[in-house]
Structures are given as C-alpha cells and as structure tokens.
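In the order they appear, the protein sequences are chains A and B.
In the numbering used here, each number is its position in the first sequence, counted from 1, plus 12.
In the numbering used here, each number is its position in the second sequence, counted from 1, plus 4.
Quick reminder that beta carbons are idealized off the backbone N, C-alpha and C, glycines included.
Here the structure is a predicted model, which is why all the values come from computation and not from measurement.
To start, the structure itself, in structure tokens.
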Amino acid sequence: MAREQHDYDDIPGTYVFDQDRSRQGFGINMFCMSLMKDDNRKAFKANEAEYLKKFNLTPEQADAILKRDYNRMLELGGNIYFTAKLGATDGHSFRHLAAVMTGSSQDDYANMMLAGGRSVEGNRSKSGKVAKPAKAAKKLAKAKPKAKARSKSRSKRG
Amino acid sequence: MARIIAGVSSSHVPAIGAAIDNKQTEEPYWKRVFAGFEKSKEWMAQAKPDVVILIYNDHASAFSVEMVPTFALGCAAEFPPADEGWGPRPVPVVKGHPQLAAHIAQSVILDEFDITVVNKMEVDHGLTVPMNLLFGSPKEWPCPVIPVAVNVVLYPPPTGHRCFMLGRAIRKAVESYPEDLRVVVFGTGGMSHQISGPRAGLINSKFDKAFLDNLTKDPKKLTRIQHLEYMREAGAEGIEMVMWLVMRGALEDKVDEVYRFYTVPASNTAVGHIILEPHRRAAKKAAGKAKKPAGKMKRAAARAKVDRISS
C-alpha cells in the first residue's frame, strides 16, 4: 500500500519521522542504536554488509546505509537522531551531516548558517499554496501591529 | 509548601556541550553564544533553587524506537550522563529528588496526565547542556533535578496545549508538596532549526522572536499553534518548542521577563533563552531591594513598584 498522505508532506525537503516511517524504519534505527557500543562500531567497520545482516533491513535500506545516503535513510524510516550515530561512527558531527543532506559543501553550509541560516521564504510549501505564514503563525508574528495587519488585508481587498 | 519561583527556557544544542567539553568556549564563534548566559548564571546563583524540574527530550539515548513514552518522569535517585557515541559527557551525575518526583507522579496521574514513571534512566545533552548554561561546570550540580522527558522525536509529539496543561498539573503538584522547597522549572529545546533532509539549516528568527514575546505576554496564543505550523515555520526539529510550554504552564498567568537572549547560529540551530518570574515575586524583590538589577530586571522591578503603589 502506498504511503498515506499527510498535510506535512507539503513541507519541502523534509521527511517527518511519523508512525508509518517509524514502523518501516525500525531496522535502520535499531542498527543505528547498536552503534552506541564500541565493539559494535568496530564490527560494523570491519565488514559493513555482513554486520547489516543482523538487522531486519530491506535491500533498499541496506543500500542507503552502505552508500551513506542520509536523505534516503530518512525517507525509508530512519530518524536523524539515530542516523547521526552512524555519522558519529564515521567521525561526523550533526552539522556535517546536515550539509551532506542539503547537497552543499561544508564551507557553503557553514557560511549559510553564519549568515542567519536558510530562509523560510520560498521554503514553506511544495505545492506553493502556503507562501506566507499561515494564520496561526501570522497571528504570532505580529507583535503589536493590529493596524498593520488590517491595512494589509484591506489593500488585498482593494 | 513547595513553590515555583521561576521558569527558564534554553536551547539544548549538542554542539554547545561539545564546545564546553573541548574547551572552545573562548573561541569567537562560541563566545557569542556563551556570553549570552553570563547574566543568567548570576541570576541563578542568586535564585538558588532547591530543586530543578527539567523538561527536555531524549535523543535516542535512554529511549530508542523500542519504547517511546510521550511524557516520562524521572523518579530515580540519580541519572548518569549517557554515552551518545563519543563517550559520556564529562559532567556530574545528575541527582534526582525521588520524593518530590513520586509526589508529582501521584498528583499528575490523578490529574489525568498518564505519565510514564522512569526509575532508571541515563540523561543526554538535552538535559545536561541547559544545566551547563545556567550553572556552569561545577564538580557537583548545586541541586537535585527531576527530569521530565517529552517525546518530540516520533511524530506526533504532544500538542502545545497538552504541554501547557502538563505544566499546570506540575505546578499543582509542586504546590501541594508539604516541604518548603523553591523550585525552578526549565523548558528546553528549540528554537527554530531543522537538522534533517534537504531543507536542513532552516532558521526563522521572526517566528522565534514572536514566540519569545508571547511566551511572556500571551502564552495561550502559543498553545494554539499546530504541529504543521511549527514544522513549516520553525523547521522539522523546531517542534521541540512545545516543551517550552510545559515550563510556561507551570508559571502563573502573569509573569515578568527578567532576561532574554537570542543568537544565530549554534551549529544548525537558533539559540533562544528566557527567564521568567511570577509577577508577585518581582514585587517582593523590589520591596526587598538590596541587589543591583540588570537592565530588564530593573524595568520589571519598576513595573512591580508601580503596581504596588496603585494597589
């Protein structure tokens, strides 16, 4: 059965770790948990494909792990706090992995963060239906300015 | 009677812990972050709580995918730091307050919060980083801590409203505890950040600042934010901010903001921090005076004074 669609699937570049992904990705995440022990890290490094046989993984999941395809791992039910343990086994930090998942170089990613991070503008919605903060967030964003919000909606009407 | 004397919120970025552990706090990148907590440490040294109740989330350390409690209350006598893949952080073992924790469990469950009681648990950076930020790096933590772990990893986390109401229930529990204890509640995590997928690196300072404003002024408005909005506006992992609402729910409706700090970035994350005191405590403080308040504290004290005169 195809994946059930949810409102949050409209958020671009995001794999929400929901109940369905958790169910599918149990093997990936339990594999990652095993890497909290040094002996297991060594065993994995010694023969990765062999080590993965201990976990109930689909061929796609095993392939994503071996290729360190972090986005694919998320898509197939991995969660970042778990897959980060695989990253740590390779000696990588969260920030390193984040850069990898965005497809940027480490320097570019670091510079983007120093410049204030990725803007939410243009990154809210795949469908383009939500180009502005939705109602709740909009309400939240207006610190005082009721007048301003009103004038905006007026100008829209006009 | 025990009472809640203040609420504190702060991000709990793991890289902050790593910077402390690797002695990088003086490097310009990190100094910018740590400088924002200097005043808070002074405040904490004066506040001297008897107990801290710390709301945080576990990051696949104590709870894997085998068991995912929505709310879990640490009732043990101690909580060792977890090995998160680089060895346990070199921080003191966290001592609990089993008696107060047991009282809270008994109270909140009858208040219809079916919380999970945890008698053995390791704690990760989610708990220890905020402790460092507010208490520095002492040999022993100066007071016992009751950890309250909230699931924000597996979707859906509890709603912001539910978190706020848990805070209410915790306050009721604390205030019915017979011993005279001064309690500070921490809400941790956030602010805007996304560390997963191609949209990683998302920061929304406008959202964060409005959240901080309303945390003081109009928290009920925050309890209406839906999960979709958190994730869309503040990043997939920005949803952690619901934990701040547990802290806010544990305070009275009217609070004084005594301090705030916000900076971007720490690693992938916007760092936010706020200290709130119940309104009447500020009044008492103004009456008692003696100490030199910092900018915002002065304003809070002044406001309190005006209220006192008018009443």
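If we cut at 7 Å on Cβ distances, does residue i have a partner in chain B?
{"i": "M48/A", "result": "yes"}
{"i": "F106/A", "result": "yes"}
{"i": "A148/A", "result": "In this prediction, A148/A scores a pLDDT of 48, lower than 50, which makes its location untrustworthy; the coordinate-derived value is nonetheless stated afterwards. True, the Cβ-Cβ gap to chain B drops below 7 Å."}
{"i": "M85/A", "result": "no"}
{"i": "S34/A", "result": "yes"}
Put residue i into one of helix, strand or coil per three-state DSSP.
{"i": "Y60/B", "result": "strand"}
{"i": "R7/B", "result": "strand"}
{"i": "Y234/B", "result": "helix"}
{"i": "E377/B", "result": "The question about residue 377/B has no answer, for chain B in this structure spans 5 to 315."}
{"i": "E16/A", "result": "coil"}
{"i": "Y27/A", "result": "coil"}
{"i": "K99/B", "result": "strand"}
{"i": "V121/B", "result": "strand"}
{"i": "A286/B", "result": "Below a pLDDT of 50, predicted positions are generally treated as unreliable, and A286/B, at 48, falls in that range; no measurement from the model is reported."}
{"i": "A294/B", "result": "For A294/B, the predicted model reports a pLDDT of 49, less than 50, meaning its position is unreliable and no value from the coordinates is stated."}
{"i": "T192/B", "result": "strand"}
{"i": "A148/A", "result": "Only weak support exists for where A148/A lies, its pLDDT of 48 falling under 50; the coordinates are left without a value."}
{"i": "A143/A", "result": "coil"}
{"i": "F43/A", "result": "helix"}
In chain A, which residues lie less than 9 Å from residue i when you measure between Cβ atoms?
{"i": "M235/B", "result": "Y20, I23, T26, V28"}
Examine chain A for any beta-carbon lying closer than 7 Å to the beta-carbon of residue i, and answer yes or no.
{"i": "H165/B", "result": "no"}
{"i": "G21/B", "result": "no"}
{"i": "V122/B", "result": "no"}
{"i": "A81/B", "result": "no"}
{"i": "A294/B", "result": "Low local confidence applies: a pLDDT of 49 at A294/B is under 50, so the model's placement there is unreliable, and no value is given."}
{"i": "N272/B", "result": "yes"}
{"i": "Y159/B", "result": "yes"}
{"i": "I199/B", "result": "yes"}
Check the Cβ of residue i against every Cβ in chain B and list those closer than 8 Å, keeping chain order.
{"i": "G38/A", "result": "Checking the displayed sequence, the identity of residue 38/A turns out to be Phe instead of Gly. The answer, in chain order, is V69."}
{"i": "F94/A", "result": "A64, S68, V69"}
{"i": "Y63/A", "result": "What Y63/A touches in chain B: nothing, since even the nearest Cβ is about 16 Å away."}
For residue i, return the contacting residues in chain B, with the cut-off set at a CB-CB distance below 9 Å.
{"i": "K97/A", "result": "A64, E88, G89"}
Which stretch, first to last residue, makes up the alpha helix (DSSP H) that contains residue i?
{"i": "I108/B", "result": "102–114"}
{"i": "D75/A", "result": "71–78"}
{"i": "L86/A", "result": "82–87"}
{"i": "Y33/B", "result": "32–39"}
Check the Cβ of residue i against every Cβ in chain B and list those closer than 7 Å, keeping chain order.
{"i": "A58/A", "result": "In chain order: nothing, as chain B lies at least about 18 Å away."}
{"i": "M13/A", "result": "Neighbours of M13/A on chain B: none; closest Cβ ~19 Å, over 7 Å."}
Taking 6 Å as the line, does the beta carbon of residue i fall inside it for any heavy atom of the ligand NAD?
{"i": "K54/A", "result": "Because no ligand of any kind appears in the structure shown, any question about the ligand NAD cannot be addressed here."}
What is the residue span of the beta strand (DSSP E) that residue i lies within?
{"i": "H4/B", "result": "The structure shown does not extend to residue 4/B, since chain B is modelled only from 5 through 315, so no value can be given for it."}
{"i": "Y263/B", "result": "259–270"}
{"i": "G276/B", "result": "273–282"}
{"i": "G78/B", "result": "75–78"}
{"i": "V149/B", "result": "149–154"}
Under 7 Å Cβ-Cβ, which residues of chain A neighbour residue i?
{"i": "N208/B", "result": "V132"}
{"i": "V268/B", "result": "G128, G129"}
{"i": "L232/B", "result": "D19, Y20"}
{"i": "S15/B", "result": "The premise fails here: S15/B is roughly 13 Å from chain A at the closest Cβ pair, so nothing lies under 7 Å."}
Identify the contact partners of residue i in chain E, using a Cβ-Cβ distance below 7 Å as the criterion.
{"i": "P18/B", "result": "Looking for chain E here will not work: the only protein chains present are A and B."}
| field | the segment 157–175 of chain B / the segment 17–34 of chain A touching (three or more Cβ pairs under 8 Å) | value | The segment 157–175 of chain B, when compared against the segment 17–34 of chain A, does touch it at the 8 Å Cβ threshold.
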